[in-house]
Amino acid sequence: MGLSIGIVGLPNVGKSTLFNALTKNKVEAQNYPFCTIDPNIGIVSVPDKRLELLAKTVNTQKIVPAIVEFVDIAGIVKGANKGEGLGNKFLSHIRECDAIVEVVRDFDNDNIIHVEGKVNPVSDIETIKTELILADLETITKIVDRLEKEAKKESKKKAELEISLKLKEILDKGMPARELELTDDEQSMIKSYNLLTAKPHFYVINIDEDHILDNAKKLNMDNAIKISAKIESELSDLSQEDADEYLKEIGQKESGLNMLIKKSYDILSLQTFFTAGEKEAKAWTIKKGAKAPEAAGTIHTDFEKGFIKAEVINWKEFVSLQGWVNAREQGKVRLEGKDYIVQDGDVMLFKFNL
1136 MGLSIGIVGL PNVGKSTLFN ALTKNKVEAQ NYPFCTIDPN IGIVSVPDKR
1186 LELLAKTVNT QKIVPAIVEF VDIAGIVKGA NKGEGLGNKF LSHIRECDAI
1236 VEVVRDFDND NIIHVEGKVN PVSDIETIKT ELILADLETI TKIVDRLEKE
1286 AKKESKKKAE LEISLKLKEI LDKGMPAREL ELTDDEQSMI KSYNLLTAKP
1336 HFYVINIDED HILDNAKKLN MDNAIKISAK IESELSDLSQ EDADEYLKEI
1386 GQKESGLNML IKKSYDILSL QTFFTAGEKE AKAWTIKKGA KAPEAAGTIH
1436 TDFEKGFIKA EVINWKEFVS LQGWVNAREQ GKVRLEGKDY IVQDGDVMLF
1486 KFNL
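Now the structure itself:
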């Protein structure tokens, strides 16, 4: 499965600078509102040292990492839902994303204007929250109007209408749609709505480089990671070796890209399994709790339909035993069936009928 993350925030909070650094693309990042009009889309390889070790073990011809798509849209301002700034146009670009990361400015710089005239991260968070809720309220109101008519003719629409009315009620109260507890069936029922506030949501607090490790002086909140977009921009211009050295010098354990991807995987309950052979070593993204046939289906839908068994071994054992041959000879490769729950770091080889 592909992972898509939408990046939102007010103008001039560092969204596009962060996007440039994460994707190493050079899109516009100037000091005025609405510099980013059309969405910028960047595909990023997920850093994973396990894959590199697996590739060396099997002496593969090709390494294929998992990928994340980042979608950077124009800054949101108060009244966006009513057409202020660029209105709802840019919000439509992130409705298909799996999760939303909100970049919040918590740095002072007199040379970079703030659209509200002063830096106030708490107020900024509330502005974005309100605009996303209002955009969803507009969407769900139209859906309710449609379902009320359809439910008179089709009784099966009544359940969907009931869920939609609950969503409208919670949005009316100024709460995001994800606050409404829904069953798996109900989640499937409303999936096509693509409500912005129903998506997993977390924050990137963009701080200045002098406070990257100073938690006491800057905004602290749950469900957030702290990144200096300026530092990430500098890292993006360095070789991997120099970037690692720079991170050590400033006392930062890992890059902002790594932190952001880890947070994305965590909030979406995702994990990685691997396939490894002479032709290709590849990382695959899958939901935690997924069973072996579903993992096979991420490679090809026919693999899931014709699934028989899967050979499975943890990546560490695979590397230490130098590949499939030794691992099988020493009895470390397990043969798992349809009920096997895939674990993060599994190396898998599927057997199937077509």
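Okay, so the sequence shown: first residue is 1136 according to the numbering used here, each after it adds one.
Note that beta-carbon positions come from the ideal geometry of N, C-alpha and C, so glycine has one too.
For residue i, the nearest candidate out of the options (CA to CA)
{"i": "residue 1196", "options": "1434, 1470, 1412, 1258", "result": "1412"}
{"i": "residue 1234", "options": "1489, 1138, 1479", "result": "1138"}
{"i": "residue 1384", "options": "1408, 1395, 1344, 1361", "result": "1344"}
{"i": "residue 1418", "options": "1321, 1434, 1426", "result": "1434"}
{"i": "residue 1257", "options": "1283, 1318, 1200, 1341", "result": "1341"}
{"i": "residue 1482", "options": "1415, 1489, 1474", "result": "1415"}
{"i": "residue 1270", "options": "1146, 1311, 1297", "result": "1311"}
{"i": "residue 1203", "options": "1159, 1475, 1404, 1179", "result": "1179"}
{"i": "residue 1186", "options": "1158, 1333, 1449", "result": "1449"}
{"i": "residue 1242", "options": "1183, 1254, 1371, 1184", "result": "1254"}
{"i": "residue 1306", "options": "1328, 1320, 1265", "result": "1265"}
{"i": "residue 1388", "options": "1328, 1232, 1361, 1327", "result": "1361"}
Coil, strand or helix - residue i by DSSP
{"i": "residue 1289", "result": "coil"}
{"i": "residue 1152", "result": "helix"}
{"i": "residue 1393", "result": "helix"}
{"i": "residue 1461", "result": "helix"}
{"i": "residue 1260", "result": "helix"}
{"i": "residue 1411", "result": "strand"}
{"i": "residue 1375", "result": "helix"}
{"i": "residue 1381", "result": "helix"}
{"i": "residue 1279", "result": "helix"}
{"i": "residue 1193", "result": "helix"}
{"i": "residue 1187", "result": "helix"}
{"i": "residue 1316", "result": "coil"}
{"i": "residue 1454", "result": "helix"}
Neighbour-count burial assignment, residue i, 16 or more Cβ in a 10 Å radius
{"i": "residue 1144", "result": "buried"}
{"i": "residue 1240", "result": "buried"}
{"i": "residue 1229", "result": "buried"}
{"i": "residue 1375", "result": "exposed"}
{"i": "residue 1406", "result": "buried"}
{"i": "residue 1460", "result": "exposed"}
{"i": "residue 1457", "result": "exposed"}
{"i": "residue 1295", "result": "buried"}
{"i": "residue 1367", "result": "buried"}
{"i": "residue 1207", "result": "buried"}
{"i": "residue 1440", "result": "exposed"}
{"i": "residue 1386", "result": "exposed"}
{"i": "residue 1282", "result": "buried"}
{"i": "residue 1155", "result": "buried"}
Residue i - partner residues in DSSP beta bridges
{"i": "residue 1242", "result": "Paired residue(s): none; residue 1242 is not in a bridge."}
{"i": "residue 1406", "result": "1421"}
{"i": "residue 1483", "result": "1447"}
{"i": "residue 1370", "result": "DSSP lists no partner for residue 1370."}
{"i": "residue 1361", "result": "1340"}
{"i": "residue 1205", "result": "1140, 1177"}
{"i": "residue 1469", "result": "1447"}
C-beta neighbour in chain D for residue i, strict 8 Å
{"i": "residue 1313", "result": "The chain inventory of the structure shown lacks chain D, comprising one protein chain alone."}
Can you check the region 1416 to 1443 for any alpha helix (DSSP H) of at least 4 residues that lies completely inside it and give the ranges in chain order? 1427 to 1434, 1436 to 1440
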